[in-house]
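Working notes for the structure below.
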Amino acid sequence: MPGTVSILGAGAMGSALATPFRTAGWNVHLWGTWLDDHLLDACRAGRPHPRTGVVLADGTRLFASDQLDDALDGADLAVVAVASVGVREVVRRALAGISRTRALLLTSKGFAPDEHGRVRLLPDAMRDLAAEHGISLPPIVAVGGPCKADEVAASRWTAAVFGCTDLGTALDTVKAVATDAYRAEVTADEAGVEICAAMKNVYAITLGIADGLGERRKEPHHDLKAASFAQAVRELVVLTRLVGGDPQTATGLAGVGDLEVTGLSGRNKIFGVRIGRGEPAGNALDAMTAAEQTVEGVPAARLARTLVDQHDRAVWSRLPLFTAILDVLDSCEDPAARIADAVLPTV
Ligand SMILES: NC(=O)c1ccc[n+]([C@@H]2O[C@H](COP(=O)([O-])OP(=O)(O)OC[C@H]3O[C@@H](n4cnc5c(N)ncnc54)[C@H](O)[C@@H]3O)[C@@H](O)[C@H]2O)c1
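Residue numbers (this note's numbering): 8 to 354.
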């Protein structure tokens, strides 16, 4: 199907996706938000993208924040690749253009609170927003799985998962985007892909805490990290079921796969490392925010607390690690001990 794809958000992931799309023969329009001017400047100058360290795919057309309509002109596909906090505003501005596309890919990972305090998965929030404006969106394809932006940008092998309730659209999109390096499997489990994408950022914080503890004590805590990983997977299964998803989504690329890559590197893991080294969670978060490093797992954890309460408070007894992370974020005295208490078998 190659035609024109408009990627909204010129951060790490938005710019990275230009690589597979260009390789697969697409015209790529990359639109930067009002926060992305410096990123577009670097790309225009032919320098590596500041967030990925990789030069933007050749032939990608760049659009500044005041050129949104031009960026969406004639688009067959749109991709929303902004941080979760910006999804509603960017989608609101882009509604008319997006509504004319065949499918809307979503790489953002997180949740969206509505004005009544309810917490929604991002695709549901986007459809609600469109409906409020009398617009219907094309099928939404939730993009999950272990995909690091710098590796996607550099054409390293990557297995994604595309989740769309319209399986035909997911299949068509996968075929049209696949390259030798970037491939995706499909599932109809949009909700499962979304909850895993958002929650693995939360659980990756605990994997970082074990690594940071190892640095502080100068001895590895790999056993704690592995126990946390296994418990995180169990809880991803519980949460996936909670939103009506398929447990296999949690044990596949979207859950286990993405948790593995997020626990190896990335901002959520680094935030955990800082806590494990002994820095209070609030201080670590402030320092990272000041350095423009959004730790999406923190707002995701707080919003997911409400999401769980909305669905079924009875499942809290099966979420000891998630409960422990919330305690850590609320500044508990000994974060590593709190995590250990949650993941080690009870005596
Ligand atoms: N980096 C990765 O490897 C990776 C992989 C898979 C998915 N993702 C997801 O993709 C999304 C973007 O991540 P990224 O790594 O490109 O982040 P980034 O920080 O490099 O870029 C963030 C993007 O979101 C926009 N943005 C941030 N705050 C905003 C706001 N308040 N209003 C409007 N726009 C705002 C920025 O302008 C920028 O375009 C995130 O949800 C992330 O979880 C990232």
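Note that CB positions come from ideal geometry on N, CA and C, so glycine has one too. Nothing here was measured: the structure is a model prediction, and the numbers come from that model.
Whole-Å CB distance - residue i paired with residue j, under 8 Å assumed
i: R312; j: L333; result: 6 Å
i: D253; j: D196; result: 5 Å
i: V148; j: A177; result: 6 Å
i: T256; j: V200; result: 6 Å
i: L129; j: F118; result: 7 Å
i: D76; j: G104; result: 7 Å
Euclidean distance between Cα positions of residue i and residue j
i: R309; j: A237; result: 22 Å
i: A275; j: G221; result: Contrary to the premise, residue 275 reads as Asn rather than Ala in this sequence. For N275 and G221, the distance between alpha carbons rounds to 17 Å.
i: T165; j: K225; result: 33 Å
i: L113; j: W323; result: 29 Å
i: Y189; j: E122; result: 38 Å
i: V12; j: G152; result: 21 Å
i: D265; j: V354; result: 31 Å
i: R325; j: G141; result: 40 Å
i: L144; j: V97; result: 14 Å
i: A64; j: M8; result: 20 Å
i: P227; j: A233; result: 12 Å
i: S162; j: P27; result: 7 Å
i: P342; j: L243; result: 21 Å
i: P327; j: C339; result: 15 Å
i: V193; j: G10; result: 21 Å
i: V315; j: C171; result: 23 Å
i: H318; j: A198; result: 14 Å
i: V250; j: R95; result: 21 Å
i: A331; j: T59; result: 32 Å
i: V87; j: L15; result: 5 Å
i: G175; j: G270; result: 32 Å
Contacting residues, own chain, Cβ-Cβ under 7 Å from residue i (five flanking each side not counted)
i: C154; result: T165 and A167
i: V263; result: V240
i: L47; result: A17, G39, L69 and A71
i: A347; result: L231
i: T108; result: A82, D83, L84, A85 and P145
i: S235; result: T213, L214, A217, L328, I346 and V350
i: G273; result: A211
i: V302; result: R274, N275, F278, L292 and M295
i: L102; result: A137, H140 and I142
Nearest neighbour of residue i, chosen from the options [CA to CA]
i: W38; options: A82, A297, V150 and G273; result: A82
i: P57; options: S162, D337 and G18; result: G18
i: N208; options: C339, L79, T296 and V305; result: V305
i: G21; options: A85, S272, T180 and A183; result: A85
i: A132; options: T108, G104 and G93; result: G93
i: V245; options: T108, G283 and M206; result: M206
i: N290; options: V335, L249 and L260; result: V335
i: V268; options: T330, V250, D157 and D337; result: D157
i: G283; options: H229, L15 and V250; result: H229
i: L24; options: R281, R223, E299 and V184; result: V184
i: W41; options: P55, C50 and Q74; result: Q74
i: D337; options: A288, R125, S106 and D179; result: A288
i: V280; options: A307, R125, T247 and G219; result: G219
Close Cβ partners of residue i (< 6 Å) along its chain, the five nearest in sequence each way excluded
i: T186; result: P27, T30 and A31
i: A204; result: K116 and G151
i: A261; result: G151, G152, V168, V200 and C203
i: A78; result: S13, H36, W38 and F70
i: A90; result: T301
i: A33; result: Note that residue 33 is Trp in the sequence shown here, rather than Ala. Once the five neighbours on either side are set aside, the close Cβ partners of W33 are P9 and V12.
i: R223; result: R284 and G285
Same chain, Cβ closer than 8 Å to residue i, neighbours up to 5 away in sequence not counted
i: D44; result: A71 and S72
i: G53; result: V62
Residue-level contact to chain C via CB, residue i, 8 Å cutoff
i: V193; result: Among the chains in the structure shown there is no chain C, since it carries only a single protein chain.
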